[in-house]
Amino acid sequence: MSLSPEQRREYRAIAHNLKPVIIVGDKGFTDNLQEELERALNDHELIKIKVASPDRETRQEAVTALCAATGAEVVQSIGKIAVIMRRAKKPNPKLSNLLRQKN
Numbered sequence: 020m021s022l023s024p025e026q027r028r029e030y031r032a033i034a035h036n037l038k039p040v041i042i043v044g045d046k047g048f049t050d051n052l053q054e055e056l057e058r059a060l061n062d063h064e065l066i067k068i069k070v071a072s073p074d075r076e077t078r079q080e081a082v083t084a085l086c087a088a089t090g091a092e093v094v095q096s097i098g099k100i101a102v103i104m105r106r107a108k109k110p111n112p113k114l115s116n117l118l119r120q121k122n
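This is how it looks when you write it as structure tokens:
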């Protein structure tokens with residue numbers, strides 16, 4: 020599932036006011052982090068992630084690994100913050116950032 024430039028622009032605009040939901044610390048990608056990431060993507064569909072690593076390559080590898088493990092797609096990555104998105108099978112209109120912005 021590749022996002023078109025128009026979709027990326029729309030999702031970046033929606034994510035602009037969001038706060039990071041997942042923070043990847045020194046321990047990296049743990050089982051608990053993966054469970055929390057799955058829950059956040061199922062609930063919100065579009066989320067921000069903060070990777071607390073000073074090295075640029077390490078941050079990119081972490082975001083790529085998170086997306087590969089969850090089936091999500093990177094919308095935008097600037098510095099330590101990445102915006103990722105994965106459609107839910109049954110989105111909750113009260114929790115989904117995508118549905119709440121369209122209403």
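Position one of the sequence shown corresponds to residue 20 (the numbering used here), numbered consecutively onward. C-beta: ideal position from N, C-alpha, C; glycine also.
Inset, instruction - Look at Q95 and R31 and say whether their C-beta atoms are less than 7 Å apart. - result: Position 76 of the sequence shown, counted from the first residue, corresponds to residue 95. Position 12 of the sequence shown, counted from the first residue, corresponds to residue 31. Yes, Cβ-Cβ distance for Q95 and R31 is below 7 Å.
Inset, instruction - Can you tell me the Cβ-Cβ gap for I33 and L117, rounded? I've got them flagged as a contact below 8 Å. - result: Here residue 33 refers to the residue found at position 14 when the sequence shown is read from its first residue. Here residue 117 refers to the residue found at position 98 when the sequence shown is read from its first residue. Rounded, the Cβ-Cβ distance is 7 Å, consistent with contact.
Inset, instruction - Mind the definition here: the stretch 102-112 touches the stretch 70-77 only if three or more C-beta pairs lie below 8 Å; say whether that holds. - result: Result no; under three Cβ-Cβ pairs closer than 8 Å.
Legend entry - P24 - DSSP class collapsed to helix/strand/coil: As a working note, residue 24 is residue 5 in the sequence shown. Residue state, collapsed to three classes: helix.
Legend entry - Which of helix, strand or coil DSSP assigns to L65: The residue you call residue 65 lines up with position 46 of the sequence shown. Reduced to three states, the DSSP call for L65 is strand.
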